[in-house]
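Listed in order, the protein sequences are those of chains A and B.
Position 88, counted from 1, in the first sequence is what my numbering calls 88; the numbers after and before it change by one each time, with no gaps.
Position 284, counted from 1, in the second sequence is what my numbering calls 284; the numbers after and before it change by one each time, with no gaps.
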Amino acid sequence: MSAVMEGLSQLNDPVVLLCILIGALAGMLVGAFPGITATMAVALASAFTLTMEPVQGLAVLLTIYVAANFGDRVPAILVNTPGTPASIATTFDGYPLARQGKAGLALTTSAFGAAFGTFAGLLVLIFAAIPLSRIALNFGPAEIFALVVFGLTMIVSVSGSNLLKGLAAAGFGLALSTVGRDPIVGTERMTFGVLELSDGLPFIAVIIGLFGIADVFDQMLTHHAATAKPIQSFGRWMPNRMERRQMLKPMAIGSGVGAVVGAVPAAGGDIAGLTAWSVSRRSSKNPELYGKGSLEGLTAGDTASNATLGPSVSTTLALGVPGDSVMAVLMGSLVIWGFNPGPGLFAAQPDLVYTIAGIMVLATVLTLGLSLLRMRGVTKLLELPPHYLWTVVIVFCLVGTYAVNNSTVDVLAMIIFGVVGLFMRRLGFPPGPVVLGLILGSMAEANLRRALEIGGVSNVLTSPIAVGFLLVALASVALPPLLRIWRSRRADRRTAQTINQ
Amino acid sequence: MRTTFRNTAMPISVAAVSLLALTSCADRAGGGEEAAYPTEDITMVVPYDAGGASDLSARTLAAELETELDVSVIVENRSGGAGSVGLDYLASQEADGYTLGYLPVETVMLGHQGYDIDPADFDPLGQIVSVPATIAVPADSEYETLDELLEAAESEELSVSNSGTGSIWQAATTALNEEAGTQLSPVPFDGGAPAVNAAVGGQVDAVVAGVSETAVAAEDGRLRVLAILDDERADVMPDVPTAEELGHDVSIGGWGAIGAPAGLPEETHEVLVDAISAAAESDAFVELIEDSGNIPVNVSPEEFQPFYEEENSRFESLFAEE
C-alpha cells in the first residue's frame, strides 16, 4: 500500500500537473494531424524531456501517448483519415455515422469508448503486469506467427459485403508487404533501386492515401453543389439510454482484445482496433450495420485500440521489450533516467508503476474532458465550403506525411495510393483488407521465417500456444460456413417434417 | 524635366542598391567565410528514427556543439534502409560544413551488402561512442562459459538471435564462427530488445547484442553474458571476460562518429574537429552515453581514419564469405 501512496504522491506537484496539461494539448493536436503519429511526437518531445526530472518527463511523454490516441479519432470520423494508424477501425463506422449527420454522437461515443478502454488497460498494468509479462515472454517467433495468422482471418469480416473483392484486396495488401529487403537474408525485393523502399512501403503514407486522399479525390469527382453536401450537422452529442446499453458489450470485447494484443510485443492499437471490430461484429445481433455506421463497431474498435496502452506499458516495464513503437522510444528515455525496464524494476521501484498509472489516469480524464469540450469547436471547420475543406485536408496530409521521415518518397507513395484507393472505391474494393494485409503480411513472414530458422517446422508445431492460435484461426474461417450449412439443413428437415405431418 | 529625372532616377537607384546588396553578399560568401565559419545554422543528419540510441547520442552532441560553435545545430532524422537513406542524403550534400551527419558502423558495412554507400564519400571528424558486442545465453542455459557454447556449436547448429539482418551483431556472430569454426546460426529479429528477449524467453540458444542491451537483463539474472567481444572489459559488467582472454581473437562492435560529406575546406575541418572533440568530452555527453550503457570515446580523425578503412575492408571480406 505504501508503494501506491508513494507513487501517487509524486503527482502532487504543480509542475507535474502542468506537464500533464501540456502533454494533453500537444498530444491531441498531433493526434488530430494525419501523418504525425504518437510515436513521432513522443520521440521529438523526448529530446526536451531528457533533462527534466523523470516524473515530469514521464508526465509529458505518457500524456502525449494517451492524448494522441484520442485526437486521432477526430479526422477519422470527420474526414475519413486516420490521425494515426490506431484509428483505422474508427473510419469504418465513424465516417459513415458522420455522413448520416451523427458526427457529434460518433465523436462522443468514440471518446467514451477510448476512455473506457484506457482505464481497462490500466487495470491490467496495475494488477497484472508481472504475470502478464510471463505470458508475453512465451511469445516467440512461432507464437507471434500463429497470432498473426489468426489476425489475417479477420479479412473475412473487414471485407464488407463482397467477400471475393475483400480477399482480392487482402491479396493486394499481402503482395505490397513483400516490397523491401527480405527480413532474413536481406536481398532486395521490388524496391526498383529506391533506397527508401528497402524497409518496405511507407505504411503510414499508404494508409493516409488509401483512406483520406482517396476520399477527397472521390468527393471532388462526384461533387455536385446540390447533392454532395459535406457533413454539416453534428446532430445529437450524447448517446441515449438505449445506445449506452448497446455500447456495453463492444466495450467489454474491446477491452479484452486490447489487453491481449497490447501485451504482445510489437502489436499495437491498429491491430487491436481491427481485431475487436471484427470480433464484435461476429458476436453482434446486428452485424449488417457494421461498416455502415454502427455505434457498436465504433465503440469496439476505439475501446480496443486504447485498451492496448496499459498492457503495452506493462510489457515494456516488466519485460524490457517495447509493447509498441511509442514504447520503444519511451524505453530509451527510461534507461537514460536510470530506470532499467525488466522484471527487476517492479521489485526495485514498485512506486514507479503507480506513478505511471496515476499519470495515465489523470491524462485520460483530462483528455476526455478536453475532447468533449473542444469537439464543439470543430463544427466551425466543417462549415467551410467543401473545396476549402478538401484543400485543408490535402495540405495537412502532405505536410504530415512529409514530416514523418522528411521524405518525398513517402509523399509520392501517399498520392499514388490516393489514386489507387480512388479506383478501388469506384470498383467496390474495400481498403481495410489492404491495410490488414500490409501490416500483418510482413509480420507473418518475418516471424515464420525466424521460427523455421530456429527449429524448422517442428518449432511451430510443438508450441501449444502456436497450435492453439492456428486452430482458432482455422475454426474462425471454417466454422461460420459449416454452421450455415448445418442450420439450413436443419431448417430443411424441419420444413420437410412439417410437410410430412 | 523633373519628372523625367525622377523616372530615370528610380530605376538607377534601385539598380545601385541591388548591386550594392549583391556585392556585399558576394563579399560575405567569399572573404567572410574563412574568418567566420560557422555563420549559419548547421544541420546534423541522423540516419535513424528519432528516439533511438544513435539519435540520442547525436542530439546530445549537437546541443554541446551549439555552445562550442555558437550557432544552432538542427538534428534531422532521415531513417530507412538500415541507415542508407540518411547516409546517401548526407553524401549528396555540399561539403561546406553546414551539413554534418552521424556515421554509424553501418557506414562501412552497407556498401558490402548491396547498398550504394561508399565510406570514401564521408570525412570522419571524430569518433564519439563505442558499443562492444556481447554474447549471452539464457540464465538457465546448460552453457556456463563461452568455450562450452562454442564446443557445442562445433557439432550442432545453435540459434543465435540478433537485432536484424545485416546488423553489426549478425556480423559479429559470423566473425565468431570464422574464428572458432563453429555453426552459430544467426536469427535476425526486428530490433535489439526483441532479440535479447528471444534469449530470455529461451526461444534461441544465445544472443549477440550490444553491451547496453544485454547489461540490464544480465543484472536481473535473466541472461548470462559469456563474453564481451572487445579489447577491454566493460565497466558495466566488470566480471565478464573478453573473448581474447578466453583465447578467441575477436573484437567487433558498433561505433558512432560524426562526419561530413568528403572534401571539407581545411579550416572548416579543423574548426569542426576541435568543436566535436570538446563536445565529446563534455559532462552532459559523457553522462548520457554512460547512462545508456555504452562507452563514450573521443578519437581524433587522424586516429580514426585508419580504423575506419580497416573496418571497411574487414566487412568486405566478412560479407564476401557469407
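The C-beta atom is built at its ideal place from N, Cα and C for all residues, glycine as well.
Query, Result
"May I ask you to report which of helix, strand or coil DSSP gives SER46 (chain A)?", "helix"
"Pull up the distance between the alpha-carbon of GLY32 (chain B) and that of GLU266 (chain B), whole angstroms please.", "Any answer about GLY32 (chain B) is weak, because its pLDDT of 43 lies below 50 and its placement is not dependable; what the coordinates show is given next. So the alpha carbons of these two residues sit roughly 15 Å apart."
"Could you confirm whether any beta carbon from chain B is found closer than 9 Å to the beta carbon of THR37 (chain A)?", "no"
"Considering Cα atoms alone, identify which of A:MET220, A:GLN246, A:PHE150 and A:ALA267 is closest to PRO194 (chain B).", "A:ALA267"
"Considering only C-alpha positions, which residue in the set B:ASP239, B:GLU213, B:THR173 and B:ALA91 is nearest to TRP149 (chain B)?", "For the record, residue 149 (chain B) in the displayed sequence is Leu; it is not Trp. Closest option to LEU149 (chain B), Cα to Cα, is B:THR173."
"Check whether the region 341-352 of chain A and the region 81-91 of chain A touch, using three or more Cβ-Cβ pairs below 8 Å as the test.", "no"
"In the DSSP assignment, what are the bridge partners of ARG224 (chain B)?", "B:VAL137"
"Please name the residues in the region 165-199 of chain B whose beta-carbon is closer than 8 Å to at least one beta-carbon of chain A, in chain order.", "THR165, GLY166, SER185, VAL187, PRO188, PHE189, ASP190, GLY191, ALA193, PRO194, VAL196, ASN197 and ALA198"
"Could you name the residues that DSSP lists as bridge partners for GLY254 (chain B)?", "B:VAL131"
"Report the three-state DSSP secondary structure of PRO239 (chain A) (helix, strand or coil).", "coil"
"Contact check, GLY437 (chain A) vs ALA170 (chain A) under 8 Å by CB: the rounded distance?", "5 Å"
"From what residue to what residue does the beta strand (DSSP E) around ASN12 (chain A) run?", "No beta strand (DSSP E) holds ASN12 (chain A); DSSP gives it neither H nor E."
"Check distances from the C-beta atoms of the region 85-98 of chain B to those of chain A and list, in chain order, the residues that come in under 8 Å.", "VAL85 and ASP88"
"Check whether the region 145-161 of chain A touches the region 270-284 of chain A, taking contact to mean three or more Cβ pairs, one atom from each stretch, closer than 8 Å.", "yes"
"Apart from the five residues just before and just after THR495 (chain A), which ones in its own chain have a Cβ nearer than 8 Å to its Cβ?", "none"
"Identify every run of the alpha helix (DSSP H) within the region 428-472 of chain A, keeping only runs that are complete inside it and at least 4 residues long; order them along the chain.", "432-461"
"Starting from MET40 (chain A), find everything on chain C with Cβ-Cβ shorter than 8 Å and list it in chain order.", "Chain labels in this structure do not include chain C; the protein chains are A and B."
"Please confirm whether ASN12 (chain A) has its beta-carbon closer than 9 Å to some beta-carbon of chain B.", "no"
"May I ask which residues mark the beginning and end of the alpha helix (DSSP H) holding THR316 (chain A)?", "309-319"
"What span of residues does the beta strand (DSSP E) with PRO104 (chain B) cover, start to end?", "99-104"
"So, under 8 Å CB-CB, ALA59 (chain A) and CYS19 (chain A) are touching, yes? Tell me the CB distance rounded to an integer number of Å.", "4 Å"
"From which residue to which residue does the alpha helix (DSSP H) around ALA214 (chain A) run?", "214-222"
"Rounded to the nearest angstrom, how far is the Cβ of VAL131 (chain B) from that of VAL160 (chain B), given a contact under 8 Å?", "Contact doesn't hold; Cβ gap of about 18 Å is too wide."
"I'd like to know if LEU328 (chain B) contacts chain A, where contact means its C-beta is closer than 9 Å to some C-beta of that chain.", "Examination of residue 328 (chain B) is not possible in this model, given that chain B is present from 1 through 322 alone."
"If you compare alpha carbons, which of B:ASP239, B:LEU272 and B:GLY293 is closest to GLY210 (chain B)?", "B:GLY293"
"Compare the C-beta of ARG245 (chain A) with all C-beta atoms of chain B and state if any pair is closer than 9 Å.", "no"
"Kindly list the residues whose CB is nearer than 6 Å to the CB of TRP337 (chain A), restricted to its own chain and excluding five residues on each side of it in sequence; keep chain order.", "PRO54"
"Identify the contact partners of ASN138 (chain A) in chain B, using a Cβ-Cβ distance below 7 Å as the criterion.", "GLY201"
"Tell me the DSSP bridge mates of MET360 (chain A)?", "Beta-bridge pairing links MET360 (chain A) to no other residue."
"For the alpha helix (DSSP H) containing ASN177 (chain B), list its first residue and its last residue.", "168-180"
"If we cut at 9 Å on Cβ distances, does LEU325 (chain B) have a partner in chain A?", "This structure gives no information on residue 325 (chain B), because the portion of chain B shown stretches from 1 to 322."
"Around the Cβ of ALA26 (chain B), are there at least 16 other Cβ atoms within 10 angstroms (buried) or fewer (exposed)?", "Confidence is the limiting factor: at ALA26 (chain B) the pLDDT is only 42, short of 50, which leaves the residue's position unreliable and the question unanswerable from this model."
"Check whether chain B comes within 9 Å of PRO341 (chain A), counting only Cβ atoms and requiring the distance to be less than that.", "yes"
"Anyone know if the C-beta pair for VAL156 (chain A) and VAL434 (chain A) falls short of 9 Å?", "no"
"With which residues is PHE122 (chain B) paired in a DSSP beta bridge?", "B:PRO261"
"Classify PRO265 (chain A) as helix, strand or coil using the three-state DSSP reduction.", "coil"
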